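Numbering (the numbering used here), first residue to last: 15 to 441. Note that beta-carbon positions come from the ideal geometry of N, C-alpha and C, so glycine has one too. Given the structure is predicted, the values throughout are model-derived calculations rather than measurements.
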């Protein structure tokens, strides 16, 4: 098998030494970024910190304002070889922090017309700090580096503000993977799903697609004491909610891939004694397979419209496609798995289940072979099964896990760059 030929890079010992020496700086960067979170397409300070650091390393090229606030840097090694891209996302979330740490965020800003707290509740501060540190490690080994490394610091992974474009899709459109073209791309995400110091990866579908939907049920307003004189959209909406639950449980082959259909909000009416004209529901669809994704879209429409018609109500269903499935290239993952096993250590690369969260790293994977993996950050004294999840105001990161992320990305890069051409091409 091709991946059997992959050997540790000649730089392995130097990578580990540099990563250990840079750990205090890694933690300092992470805490600084955590205390100063910024929302998507507004990562001005973060981008400046990143760009200043990359320039200080003497990168061959540092591009700023890519996809609004993104930064792309190029490091050319002293020896010829392929091009590897490494990606980190930089944006925070409209969440008010509830973690009791000295560097907790106190930032507030406007989001979609509302004043909100801002927090790195998904760990993108750690991703940025990790990749900044990887840049330091590899820049220090530039003369012995075989090939080129492209560092991609991406804004708006959580989605751009309403009415704006952003994220991975826009970075690609603005040339993040071009000049030079990329041969492979790696990315990571910290997660409370895994204990600290543990890495999770799988080939094929790893994270779900994420689609939004809105269902508008229109009835005919009437007095609450005489429902027969109108058409009740609230009762109809309740039936639609229940009907949608049968799509996954009774209409989809869940032995092929899992799927989720969730109603996240429902709104209708203003008084206890008035049956309103309409009810609006919004929700999300999560799938791991494109044909199944299309099938569920069709059945959401058919179910909602059919139930509404039976109740003499009108129904409008709008489905907006979001991020596609994050699919790890199976051959690339098989090739690089021994690297992750070596870096993590014995017993610290367990089988990784599919994750129903989504990621726009999928956009990069549609352009070049890519591998995305998880680094556990739940402290040893906590149970990863009950730890506060990413996006929680109480999401907590064990900083002792962050050097593992640095080592993982740096070793993946150098092992790939030094692999024989026929192995890299997965022939």
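Three-state secondary structure assigned by DSSP to residue i
i: residue 178; result: coil
i: residue 310; result: helix
i: residue 129; result: strand
i: residue 284; result: coil
i: residue 70; result: helix
i: residue 196; result: coil
i: residue 424; result: helix
i: residue 333; result: strand
i: residue 384; result: strand
i: residue 136; result: coil
i: residue 114; result: coil
i: residue 265; result: helix
i: residue 47; result: helix
i: residue 16; result: In this prediction, residue 16 scores a pLDDT of 42, lower than 50, which makes its location untrustworthy; no coordinate-derived value is stated.
i: residue 206; result: strand
i: residue 83; result: coil
i: residue 398; result: coil
i: residue 62; result: helix
i: residue 164; result: strand
i: residue 76; result: strand
i: residue 25; result: coil
i: residue 376; result: helix
i: residue 103; result: strand
Beta-carbon contacts of residue i that lie in its chain and below 6 Å, excluding the five residues immediately before and after
i: residue 41; result: 413
i: residue 409; result: 135, 402
i: residue 358; result: 213
i: residue 17; result: Since pLDDT at residue 17 reaches only 46, below the 50 mark, its modelled position is unreliable, and no value is offered.
i: residue 363; result: 213, 354, 355
Whole-Å CB distance - residue i paired with residue j, under 8 Å assumed
i: residue 389; j: residue 419; result: 5 Å
i: residue 220; j: residue 369; result: 7 Å
i: residue 99; j: residue 78; result: Their Cβ separation, rounded to whole angstroms, is 17 Å, which puts residue 99 and residue 78 out of contact at 8 Å.
i: residue 337; j: residue 157; result: The pair is not a contact, with the Cβ atoms about 39 Å apart (cut-off 8 Å).
i: residue 121; j: residue 132; result: 4 Å
i: residue 481; j: residue 198; result: The question about residue 481 has no answer here: the residues shown for the chain are numbered 15 through 441.
Own chain, CB closer than 8 Å to residue i, minus 5 neighbours either side, in chain order
i: residue 186; result: 377, 378, 381
i: residue 235; result: 244, 288, 289, 290, 291
i: residue 317; result: 254, 257, 258, 260, 261
i: residue 319; result: 329, 331
i: residue 50; result: 59, 60, 119, 121
i: residue 34; result: 417
Sub-8 Å separation of residue i and residue j beta-carbons
i: residue 331; j: residue 261; result: no
i: residue 23; j: residue 425; result: yes
i: residue 103; j: residue 168; result: yes
i: residue 85; j: residue 97; result: no
i: residue 91; j: residue 161; result: yes
i: residue 163; j: residue 89; result: yes
i: residue 387; j: residue 215; result: yes
i: residue 280; j: residue 293; result: yes
i: residue 299; j: residue 278; result: no
i: residue 44; j: residue 416; result: yes
i: residue 206; j: residue 391; result: yes
i: residue 222; j: residue 372; result: yes
i: residue 7; j: residue 266; result: The shown model of the chain, from 15 to 441, leaves out residue 7, and the question about it has no answer.
i: residue 28; j: residue 155; result: yes
i: residue 394; j: residue 210; result: yes
Residues of its chain near residue i, where Cβ-Cβ distance is below 7 Å and the 5 sequence neighbours each way are ignored
i: residue 327; result: 231, 232, 233, 245, 247, 250
i: residue 53; result: 105, 106, 108, 123, 125, 132
i: residue 218; result: 341, 342, 344
i: residue 407; result: 109, 110, 111, 112, 133, 135
i: residue 184; result: 81
i: residue 146; result: 43, 64, 67
i: residue 282; result: 247, 248, 251, 290, 292, 293, 294
Buried versus exposed call for residue i [16 or more other C-beta atoms within 10 Å across all chains shown]
i: residue 55; result: buried
i: residue 400; result: exposed
i: residue 179; result: exposed
i: residue 138; result: buried
i: residue 427; result: buried
i: residue 70; result: exposed
i: residue 286; result: exposed
i: residue 404; result: buried
i: residue 374; result: buried
i: residue 15; result: Low confidence applies here, because residue 15 scores a pLDDT of 39, under 50, leaving its location unreliable; read the following figure in that light. Exposed, since its Cβ has fewer than 16 Cβ neighbours within 10 Å.
i: residue 264; result: exposed
i: residue 176; result: exposed
i: residue 322; result: buried
i: residue 433; result: buried
i: residue 143; result: buried
i: residue 239; result: exposed
i: residue 365; result: exposed
i: residue 411; result: buried
i: residue 384; result: buried
i: residue 431; result: buried
The ligand GTP heavy atom lying under 7 Å from the CB of residue i
i: residue 329; result: Ligands in the displayed structure: none, and consequently the ligand GTP is not present.
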